[in-house]
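So my numbering is basically just the index in the sequence shown, starting at one, shifted up by 813. Below is one structure, written out as structure tokens, with a few remarks after it.
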Amino acid sequence: MLTLLKLLKDGRFHSGQALGQALGISRSAVWKQLQHLESDLNLSIHKVRGRGYQLASPLELLDSEQIPSSPWPALIHQALDSTNAEALRAIGRGEAAPFAVLAEQQSAGRGRRGRKWVSPFAENIYFSLVLRIEGGMRQLEGLSLVVGLAVLNALRDIGTSNAGLKWPNDVLVGSKKIAGILLELVGDPADVCHVVLGIGINVNMKATEEVDQAWTSVRLETGRSINRNEFIVILNNRLHQYLQQHEMQGFSVMQSEWEENHLWQGREVSLIAGSHKVDGTVLGIDGQGALRIDVGGTEKIYSGGELSLRLRHDS
Ligand code: ATP
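The following block contains the structure:
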């Protein structure tokens, strides 16, 4: 099926006979594979009598030759349950970190607390970077906020100038989500551990019924189709830059840069942890990346992966 897709990805017409010859299969076998492409990958294929078959729009597939193996190698998959899940399995197999896992499609892309990240075929970036951490807790401090800064700058490099951050790790344009970040950790954080930096970025996605909150993509914001291979190189460079700075200087040097890019600075919010809710005004973050909120005139500090921030409807 993949070979057929590679033949069709130029977006031109190909006759059933030519496709069959190239693949060494019958025309009816070509027809069956085309149906699979439509149903499994949700691709739209034009079928015109006398001309053949054509993808509704040309496809740019992930290409290992366009993604250098530095600063880390990229392991590219056609389809995965989730790039984070595969990264965790690769750690278990003894794959040497750092390495990145990429997929054209995820069937069970992960958000926080078991939520799903919608991941259609060949449209977006589904990326997990695995790091080996030997420096103890200091190297983990503020790490998901560091990844947010790297993703934000990569988005700006590619032309999405209006994106910003929402504590702890969402990247938004206005109130629309353009990227999500999910960190997962294995091993002993006080000694040696591996951390998986999972990143989903909406790149060329133009429509989906599946996302149940406001969202956008680079293409919707910039009005142009983006070469994902080029974007991954940009993302790798930004991640490398911010992770190196974090390793050498710690998170506190990025505190003010992060606050300058926080879309909800000074906003009235509710912070939700399970059934608990705290209302207050966002003051910013501290030197470890924890959220500072003014609650009834007192500054309170909050951190932890289970916290969700919402704008107060009355703000
Ligand atoms: P919180 O504010 O608690 O982090 P969240 O809604 O941002 O909440 P995440 O776990 O960060 O939660 O992300 C998962 C949520 O993101 C999903 O429940 C869905 O609403 C939304 N979502 C899923 N896929 C996409 C996508 N491709 N683009 C934008 N948003 C998505």
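We put the beta carbon where it would ideally sit given N, CA and C, even for glycine. Computed from a predicted structure; not experimentally measured.
Looking at the unbroken beta strand (DSSP E) that takes in residue i, where does it start and where does it end?
{"i": "residue 1011", "result": "1006-1014"}
{"i": "residue 1094", "result": "1089-1098"}
{"i": "residue 1112", "result": "1111-1115"}
{"i": "residue 995", "result": "989-1000"}
{"i": "residue 1024", "result": "Premise fails: residue 1024 is in no beta strand (DSSP E) and is neither H nor E."}
Please state the DSSP three-state secondary structure of residue i.
{"i": "residue 832", "result": "helix"}
{"i": "residue 905", "result": "helix"}
{"i": "residue 845", "result": "helix"}
{"i": "residue 900", "result": "helix"}
{"i": "residue 1105", "result": "strand"}
{"i": "residue 1019", "result": "coil"}
{"i": "residue 1128", "result": "Below a pLDDT of 50, predicted positions are generally treated as unreliable, and residue 1128, at 48, falls in that range; no measurement from the model is reported."}
Taking Cβ positions only, does residue i come closer than 9 Å to chain E?
{"i": "residue 1010", "result": "Reference to chain E is not applicable here, since this structure consists of a single protein chain."}
Locate the alpha helix (DSSP H) running through residue i, then write down its first and last residues.
{"i": "residue 1043", "result": "1041-1062"}
{"i": "residue 1068", "result": "1068-1073"}
{"i": "residue 957", "result": "956-970"}
{"i": "residue 1081", "result": "No alpha helix (DSSP H) contains residue 1081, which is instead part of the beta strand (DSSP E) from 1081-1086."}
{"i": "residue 1035", "result": "1031-1035"}
{"i": "residue 816", "result": "815-821"}
DSSP puts residue i in a beta bridge; with which residues?
{"i": "residue 943", "result": "912, 1009"}
{"i": "residue 1123", "result": "1083"}
{"i": "residue 888", "result": "914"}
{"i": "residue 919", "result": "893"}
{"i": "residue 979", "result": "983"}
{"i": "residue 867", "result": "859"}
{"i": "residue 938", "result": "1014"}
Could you round the C-beta distance between residue i and residue j to whole angstroms and report it? I think they count as a contact, below 8 Å.
{"i": "residue 1094", "j": "residue 1085", "result": "Wrong, their Cβ atoms sit about 16 Å apart, outside the cutoff."}
{"i": "residue 991", "j": "residue 1029", "result": "5 Å"}
{"i": "residue 843", "j": "residue 829", "result": "5 Å"}
{"i": "residue 985", "j": "residue 1076", "result": "6 Å"}
At least three beta-carbon pairs within less than 8 Å, the stretch 1061-1076 to the stretch 1032-1044: no
Contact between the stretch 983-998 and the stretch 956-967 (3+ Cβ pairs under 8 Å): yes
Cβ contact (3+ pairs, closer than 8 Å) linking the stretch 910-927 and the stretch 938-947: yes
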